[in-house]
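In full-length UniProt numbering, the protein residues as written are 1 to 293.
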C-alpha cells in the first residue's frame, strides 16, 4: 500500500505485456519495445552522456546493447533462462527459444512512466485495461478518475523534470561558452578572424564528426583530452553569430587537431559488432572510418 493518490501498487500481482500495450495503443509491437528499451536505458543504464553531450542520440544509436546490459540479457548465454536473469525489478523480459525478445512485461510503475510519454487517448486505453486486470486480483483498485489523475500528475512531473534538466543544461552551456570566450591566461596572440590553418572547437568537432563518423559527443571527449596540449595561445573573434560582443575564443591548429585524433584512434581497441573502447572514454563507441578501413 502507498500513501497519497497512488494508494496501491499492483506490481506484485499485475503485469502488462508490451504486446497488449501495442494492441491498446494501435502501435507496432516493435515500436512499443523500442519505447520500453529507451525508458529502461534512461532509468537504469548507469553513466551516460549528458543531454548537452547528445544523450538521446547516444541512446538511440546504441539502444540494443545498452538495453541488454541494463536488463542483464546475454544472447550468447547457452542457458536462456529469463526467469533467473532479471536485475530490473518490475521489468520482466521474456525471451523466445532463440534468445530474442518475445515481449516485455511491465509492472504498474513502469507502465505509468512509459505512458506518460503517450497521448491522452492512448493513456486512457491503457488505464481501462489496467482496471480490468486489477479486478481479477484481490487488491483494492483505483477508480478510473484516480488513475487518470495519477497519470496526469506523473506526466506533469516528468515534463517539469525535463524542463528543469534542459534549463540546467542550457545554463551550463552558457557558462562554459562564457568561460571559453574569455581571453584566458596564457593567450599570446589574438586575430580578428580565425586563421586559415586553424579552427575553433565547435567547427573542429563538426569536421571530425563528418570525417570519422563518430558521434559529436565522442569527438568532444577526444578533443578535450588533447585540448590543452593543442592550444598554442592563439585566440580570434568568435565567428558564431549567436555569440554577441565580438568576444574572443580559442583557436587550434588544424594539423594539431588531426594529429590528436590520429593518435587517439591508433590505440582504440575493437570489442566486436563494430564497437571500440578506450581507457579515457567511459562507454563503447563506433568508429565508422576504422570499419571502412
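The C-beta atom is built at its ideal place from N, Cα and C for all residues, glycine as well.
Problem - Exposure label - residue 37; buried when at least 16 CB within 10 Å - result: Here residue 37 is buried: its Cβ has 16 or more other Cβ atoms, across all protein chains shown, within 10 Å.
Handout entry: Opposing strand residues paired with residue 272 [DSSP bridges]
Key = Beta bridge pairing from DSSP links residue 272 with 275.
Problem - Inter-residue CB distance, residue 113 and residue 33 (contact presumed, cutoff 8 Å) - result: Wrong, their Cβ atoms sit about 15 Å apart, outside the cutoff.
Practice task
Check residue 286 in the structure and name its three-state DSSP category.
Solution key: If DSSP states are grouped into helix, strand and coil, residue 286 belongs with the strands.
Practice task
Determine the burial state of residue 201: buried for a count of at least 16 other Cβ atoms within 10 Å of its Cβ, exposed for fewer.
Solution key: So residue 201 counts as buried.
Exercise for the section: May I ask you to report which of helix, strand or coil DSSP gives residue 14? Expected result: In the structure shown, residue 14 sits in coil (DSSP, three-state: anything other than H, G, I, E or B).
Exercise for the section: Spell out whether any CB of chain D is found under 7 Å from the CB atom of residue 29. Expected result: In the structure shown, chain D does not exist; there is a single protein chain.
Problem - Segment limits, alpha helix (DSSP H) that includes residue 219 - result: Where residue 219 is concerned, the enclosing alpha helix (DSSP H) stretches over 216 to 230.
Exercise for the section: For residue 199, count neighbouring C-beta atoms within 10 Å of its own C-beta (all shown protein chains included) and say buried if the count is 16 or more, exposed if not. Expected result: Classification of residue 199: buried, given that the 10 Å Cβ count is 16 or more.
Exercise for the section: At 4 residues or longer, and completely inside the segment 96 to 131: list those alpha helix (DSSP H) runs for me, N to C. Expected result: Residue ranges of uninterrupted alpha helix (DSSP H) with 4 or more members, entirely inside the segment 96 to 131 and ordered along the chain, are 108 to 115.
Handout entry: Touch test, the segment 124 to 132 against the segment 37 to 51, Cβ-Cβ under 8 Å, three pairs minimum
Key = With the cut-off at 8 Å, the segment 124 to 132 and the segment 37 to 51 do not touch.
Exercise for the section: Write down the C-beta distance between residue 190 and residue 282 rounded to the nearest angstrom, noting that I regard them as a contact closer than 8 Å. Expected result: Not really, about 36 Å apart at Cβ, beyond 8 Å.
Exercise for the section: Please confirm whether residue 104 and residue 18 have their CB atoms less than 7 Å apart. Expected result: For residue 104 and residue 18, yes; Cβs fall inside 7 Å.
Problem - Nearest residue (CA-CA) to residue 205, options 233, 188 and 251 - result: The shortest Cα separation from residue 205 among 233, 188 and 251 belongs to 251.
Problem - the segment 213 to 221 / the segment 47 to 59 touching (three or more Cβ pairs under 8 Å) - result: The segment 47 to 59 and the segment 213 to 221 touch, with three or more beta-carbon pairs separated by less than 8 Å.
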